[in-house]
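**Q** Submitted below is the structure of interest, expressed as structure tokens.
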Amino acid sequence: MGFFAWIRERFGAVDAQEQAFSSESPVHGAAAATVGATAADEASWVDVVPFVDVEDAQDRTLVSVIASAVAAGDRQDSKLVVRRVGRENPEYRRVAVISAAIAAADRPSSSFRCVRIRRRMAAKSA
């Protein structure tokens, strides 16, 4: 749901301009159909996670031991519980680096922070 749909739902379509764009007119009905298609396309996007779980049990154990040793430091009597072990998602990193390079084309001293990366899901064939 977009911002304007939320406004329409919350306050209702009461102004004359909104009534002029109702679906009764054939031109505006086609525009309403494309807006509906855009909302359906929006549902076909999925977030790409920055970290994925480690599948191999041996790698998971090794990483857990190293992380615990680094976190414990000089306190040997401390106890740490590693709940989740993940590794960097190569697809996320590749897209983030390419998009930052494109965005920084003219300003190499700039820095960017990647907030979210989304991928379009493949259309299901019948």
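Here the sequence shown is numbered in the working numbering, starting from 368 and rising by one per residue.
The C-beta atom is built at its ideal place from N, Cα and C for all residues, glycine as well.
#1: So, under 8 angstroms CB-CB, E458 and F418 are touching, yes? Tell me the CB distance rounded to an integer number of Å.
#2: With H, G and I counted as helix, E and B as strand and the rest as coil, what does DSSP make of V464?
#3: Put V419 into one of helix, strand or coil per three-state DSSP.
#4: Quick check: what's the CA-CA separation for A434 versus Q425?
#5: List the endpoints of the continuous alpha helix (DSSP H) containing D426.
#6: What does the alpha-carbon distance come out to for the pair V464 and V448?
#7: If you draw a straight line from the alpha carbon of G453 to that of F371, how long is it in whole angstroms?
#8: Do you know how far the Cα of C481 is from the Cα of V421?
#9: Which whole-angstrom value describes the C-beta separation of R485 and V415, a residue pair presumed to lie in contact below a C-beta threshold of 8 angstroms?
**A** On the basis of the coordinates in this document:
#1: That pair is no contact at about 12 angstroms.
#2: helix
#3: strand
#4: 14 angstroms
#5: A424 to A439
#6: 33 angstroms
#7: 39 angstroms
#8: 23 angstroms
#9: 7 angstroms
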